[in-house]
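Here's the structure we're looking at; comments come further down.
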Amino acid sequence: MFRKILIANRGEIARRISEAVRPMGVSTVAVYSDADEGAPHTRAADEAVHIGPAAPRESYLNAEAILAAAKKTGAEAIHPGYGFLSENAAFARAVHDAGMTFIGPPPESMERMKDKAEARRLVTAAGVPTVPGTEGTVSTTEEAKAAAAQIGYPVLVKAAGGGGGIGMMPARDDESLEKALRACGDRARSAFGRDAVYLERYLEAPRHIEVQILGDHHGNLIHLFERECSIQRRHQKVTEEAPSPLWWQGKRDLLERIYDAAVRAANAFGYANAGTCEFLVQGDEFFFIEMNARLQVEHPVTELTTGVDLIGWQLRIAAGEKLDLHPSRIERRGAAIEMRVYAEDPIRFFPAPGKITTWEEPTGEGVRVDAGYEAGQMVTPFYDPMIAKLIAWGQDRSEAIARGLAAVRSFKIEGEKLKTNLPLHERILADDAFAAGDLDTHFLEKHARPSK
Ligand code: ADP
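Heads up, the sequence shown stops at 451 in numbering that gives the first Met the number 0, and the numbers go up one at a time, no gaps.
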C-alpha cells in the first residue's frame, strides 16, 4: 500500500479522500489555490501545498504544478477525485511517467470512452444496447437531417466531447435541428475545445440508472448494483439514491440485465478501478449512454447500502491488489438518498455564490454530511456550486426519506448573497410522486414546485 498520496482536488471530495484513507495508514497531501487557503480540505490532509491562483486552469487543472507538489512531498500516487483532471488521460500518463501511480483507470480506457460517439460504437459491438442514433459524429446539416429522418424526431444533438449536462439540445423538426446543431457546436467548442456532435433519439421520459463498476488489474471486474439519478436540473443530478425504486417495485430482472450490460461495457473499455456505466431506462427497455472513468459524486449511496469502501478499493486496486468482492456475496442493506447541496437559487437554479455566515450541519441516526465548506468561508464562482452532500440512510426507502427530510430541515446555511437549494430538497423529499418512486428525468418540471 502507498505510504503517501496527493489529492488533486478540493472541497468535499478532497476532504473525504483524506478521511477515508487515514485508517489505512496512508498519509495525504492536499493542494490548494489562492481562493482555498485554509479551507477544510487543506486541514483534513497531513500536508497542504499551494499550487496557484483561484482560476482552475492555473491551479486544480495545472498538471505541472500538481506533479511538482507531488514530487516535492514524496507522494507515491495521485488521487484525482472527480471533475478537474480526473478523466484526463494525458494527466494519468504524466503521473505514470513521473514514476507515480494514478489512482484511476488505465489511460487507454479513458481514451476509449472520452469520445461519447466512439464509446457508443464500442459498446454496441459488445452487444450493449445504446439509444438509437448516429454511428459516430455528423459533420454537415444535410447528414444530420438524413440521420434524424431515419432515427425519427424528436432527436437530441449531443457534443461528442460533452459532460456535465453541457452541449445537449433536443430538436423536434428540421428547423429546430439546424438551430440545435449550431448552438450545440458553439457550446461544445467553447466548453470542450471541439465541436463534433452526434444524434440520439430523444427519450421523452426516461429514468437515469447507473451501475457502479470495480475492476482490478488481474482480470476481475464486478458491478456493485445501481443508483437512480433521475432527479436532475439542466441534465445535472440533484438527488441520487440506491437502490432504485425499481428494485423495491420488483423490477429485479430488468436491473440484472442492466448490471450484465454494464459489466460487458466496462470490459469492452478494458476498464480497471472504480467507474460508472450510465443508462437511460424507459419501460422495460434500457440504453447505455456513457461510462464515467472516475469515482462519482454520488458514490456514498452505494457505500452505505453495500458496506463497500469504494475509495479504499480504489487505492488497493491501484496498488496492485486483487479484488476479492462479488455482488453475489454482498447483501444490499436498506436505502440511501443523497441530496446535492448547491449554492444556487432553489427555484431558477442560477448560481448564487457568496460568503457563508452560518453553517450548522444536521446530525442524527443514518445521517452523513460530506462538506467542503464551513462558516466564514467564501463560495466563489470559480468552482462547482456544489458545497455539500447530505446523505440519509434508512432500513427502507421511507425511513431514508423521513430521515433525509428531518436533516434537510435542520441544515442551516446562511450567508451574504449566498443562496442554497435546501428548500428544493425539502420539496422533493416531501413530494408524493417522490415517495411513490415515480421518477423520470423531467421530475422537477412536474413536481416539487414551490407553492405560491
Ligand atoms: P453528460 O455527460 O453531459 O452528463 P449524459 O449523456 O450522461 O451527459 O446525459 C445526462 C442526462 O441528459 C441524462 O441523465 C438524461 O437526463 C439526459 N439525456 C441524455 N441522453 C438523452 C436521450 N437520448 N434522451 C433523453 N434524455 C437524455
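Think of the CB as a built atom: it goes at the ideal place given N, C-alpha and C, for glycine as much as any other residue.
task = Tell me, please, whether the stretch 180-196 touches the stretch 220-231 by the rule of three or more beta-carbon pairs shorter than 8 Å.
result = The stretch 180-196 is not in contact with the stretch 220-231.
message = Just to check my reading of the structure: Lys416 and Gly375 have Cβ atoms closer than 8 Å, yes? What is that Cβ distance to the nearest angstrom?
response = With a beta-carbon spacing of about 15 Å, Lys416 and Gly375 fall beyond the 8 Å limit used to define contacts.
ask   = Closer than 8 Å: is that where the CB of Gln149 sits relative to any heavy atom of the ligand ADP?
value = No - the ligand ADP has no heavy atom lying nearer than 8 Å to the Cβ of Gln149.
ask   = Can you check whether the CB of Leu428 is closer than 9 Å to the CB of Arg367?
value = For Arg367 and Leu428, no; Cβs fall outside 9 Å.
query = Do Tyr59 and Arg111 have their C-beta atoms within less than 9 Å of each other?
reply = It is not a contact, given that the beta carbons lie outside the stated cut-off.
key: Other residues of its chain near Ile316: CB distance less than 6 Å, five sequence neighbours each side excluded   = Once the five neighbours on either side are set aside, the close Cβ partners of Ile316 are Asp215 and Asn272.
query = Per the contact definition of three or more C-beta pairs closer than 8 Å, is the stretch 406-414 in contact with the stretch 34-47?
reply = Segments in contact, no.
Rounded Cβ spacing between Glu239 and Glu227 (contact assumed at less than 8 Å) = Contact holds; Cβ gap of about 7 Å.
key: For Leu389 and Ala76, the rounded distance between their alpha carbons   = The alpha-carbon separation between Ala76 and Leu389 amounts to approximately 29 Å.
key: Neighbourhood of Pro52 by C-beta distance below 7 Å, restricted to the same chain and skipping five residues each side   = Correct list, in chain order: Ser32, Asp33 and Ser58.
inquiry  = Does the beta-carbon of Lys524, which I'm using as the reference point, lie nearer than 8 Å to any heavy atom of the ligand ADP?
reply    = A query on residue 524 cannot be resolved here, the shown segment of the chain reaching from 0 to 451 and no further.
key: Inter-residue spacing [alpha-carbon to alpha-carbon] between Thr123 and Glu359   = Spanning the two alpha carbons is a distance of roughly 48 Å.
task = Assuming Phe286 and Thr129 form a contact by the criterion Cβ under 8 Å, report the distance between their Cβ atoms to the nearest whole angstrom.
result = About 6 Å separates the beta carbon of Phe286 from that of Thr129, a gap short enough to meet the 8 Å contact definition.
key: At least 3 beta-carbon pairs within less than 8 Å: the stretch 258-275 vs the stretch 91-110   = The stretch 258-275 vs the stretch 91-110: in contact.
inquiry  = To the nearest angstrom, how far is the alpha carbon of Ser189 from that of Asp172?
reply    = Looking at the backbone, the Cα of Ser189 and that of Asp172 are separated by about 26 Å.
query = Any idea which residues DSSP pairs Phe457 with across the strands?
reply = With the chain running from 0 to 451 in the structure shown, residue 457 is simply not present.
Thr88 versus Gly162 - alpha carbon distance = With the sequence shown as reference, residue 88 is identified as Ala, and Thr is not the correct amino acid for it. Spanning the two alpha carbons is a distance of roughly 15 Å.
task = Using 10 angstroms around the beta-carbon of Gly306, count the other beta-carbons present and answer buried if the total reaches 16, otherwise exposed.
result = When all chains shown are included, Gly306 counts as exposed.
query = Distance, Cα to Cα, Ala64 vs Ala370?
reply = Answer to the nearest angstrom: the Cα atoms are 25 Å apart.
ask   = How would you write the range of the alpha helix (DSSP H) that Ser409 sits in, first residue to last?
value = Where Ser409 is concerned, the enclosing alpha helix (DSSP H) stretches over Arg396 to Ser409.
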